[in-house]
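Chemist:
Numbering (this note's numbering), first residue to last: 1 to 278.
(1) Using a Cβ-Cβ cutoff of less than 7 Å, which residues in the same chain neighbour residue 99 once the five nearest sequence positions on both sides are dropped?
(2) Would you kindly work out how many angstroms separate the C-alpha atoms of residue 53 and residue 64, rounded to a whole number?
(3) Tell me the start and end of each unbroken beta strand (DSSP E) in the segment 121-166 that is at least 3 residues and wholly inside, in chain order.
(4) Which same chain residues, not among the five before or five after residue 95, have their C-beta less than 7 Å away from its C-beta?
(5) Looking only at DSSP bridge pairs, what is residue 28 linked to?
(6) Judging by CA-CA distance, which residue of 268, 249 and 197 is the nearest neighbour of residue 231?
(7) When you compare each of 197, 213, 273 and 208 to residue 120 by their alpha carbons, which one comes out closest?
(8) Please report how far the alpha carbon of residue 236 lies from the alpha carbon of residue 205, in whole angstroms.
(9) Per DSSP, residue 186 is paired with what?
(10) So residue 42 and residue 67 are supposed to be a Cβ contact under 8 Å. How far apart are they, rounded?
(11) Do residue 190 and residue 115 count as a contact pair if the criterion is CB distance below 8 Å?
(12) Are the segment 256-275 and the segment 68-79 touching, with three or more C-beta to C-beta distances below 8 Å?
(13) If we define contact as Cβ-Cβ less than 8 Å, is residue 155 a contact residue for chain B?
(14) For the putative contact between residue 110 and residue 25, defined by C-beta atoms under 8 Å, what is the C-beta separation to the nearest angstrom?
(15) Rounding to the nearest angstrom, what Cα-Cα distance links residue 55 and residue 48 in this structure?
(16) Quick check: residue 33 and residue 263, are their CB atoms within less than 8 Å of each other?
(17) Going by DSSP, name the residue or residues bridged to residue 44.
(18) Taking C-alpha atoms, which residue in 92, 187 and 260 lies nearest to residue 213?
(19) Start and end of the alpha helix (DSSP H) containing residue 204?
(20) Note down the Cα distance separating residue 139 from residue 146, rounded to an integer number of angstroms.
(21) Do the CB positions of residue 57 and residue 81 come within less than 8 Å of each other?
(22) Is the separation between the beta-carbon of residue 234 and that of residue 106 shorter than 8 Å?
(23) Can you list, in chain order, the residues of its chain with a C-beta nearer than 6 Å to that of residue 37? Leave out the 5 residues immediately preceding and following it.
(24) Residues bridged to residue 236 by DSSP?
(25) Just to confirm the assignment, what range does the alpha helix (DSSP H) spanning residue 104 have?
(26) Please work out which residues of its chain come closer than 8 Å, Cβ to Cβ, to residue 22, disregarding the five sequence neighbours upstream and downstream, and give them in chain order.
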């Protein structure tokens, strides 16, 4: 058996022994949304350490557990604390949680993240819905022997971010009076912030925001046939856009400040997703 798939099945078996819950929507909580689980009608929690061979986040501000419960009567699983490639895990481990949530039963993957703004019209605190992405230097999680049980060898990437879900997010933002940008996101490996020259390159490529996660998770979820959407919180302007040095603390502070609107947007979007899935 493929060792990557074997590990995934072991994690799934570990989950099934402890949790009896089938989510419809999987939510990955990025920086600033860590306490979003407080607004969920929680049915169960599962610490990452309780899952055999499961990768554990080491980033400050990222807790490490799955939250199972309901958002407006929609059954969800929330990943409170994601794993990043820069933490030293193989890329198959970085996307293992995404694959596991699909096996749990989730049909929709709702990704969130904190990013650096490259589009000159963006300011800290803006929300950007992903229309497309560019992956730079992070390994494609599908490299290696294809796991036929999960998906096809050469998955189409034309519409990774589901257009129907995008429209529902637009409606939710409008109803909440929240300004919503749209654009292209690029994932670089991190953990160092990008250099001004790299940001200039990304700008020339048409990138609107940059971060250190999300794209590899979207690729893995798309491979498995999930419907995917993503909202990024622009927490700072990228290197070279201002004279200020970049810090993780700055990102965390901006994400925390934007959190109330972010939570409202996620909640109303999930409510609409649930209605659409019925």
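We put the CB at the ideal spot given by N, CA and C, even for glycine.
Modeler: Reading it off the structure:
(1) 8, 150, 220 and 224
(2) 14 Å
(3) 127-135
(4) 141, 216, 217 and 220
(5) 79 and 111
(6) 268
(7) 208
(8) 20 Å
(9) 134 and 210
(10) 6 Å
(11) no
(12) yes
(13) No chain B appears in the structure shown, which is made up of a single protein chain.
(14) 6 Å
(15) 7 Å
(16) yes
(17) 68
(18) 187
(19) 196-204
(20) 15 Å
(21) yes
(22) no
(23) 67, 78 and 80
(24) 116
(25) 96-104
(26) 75, 104 and 105
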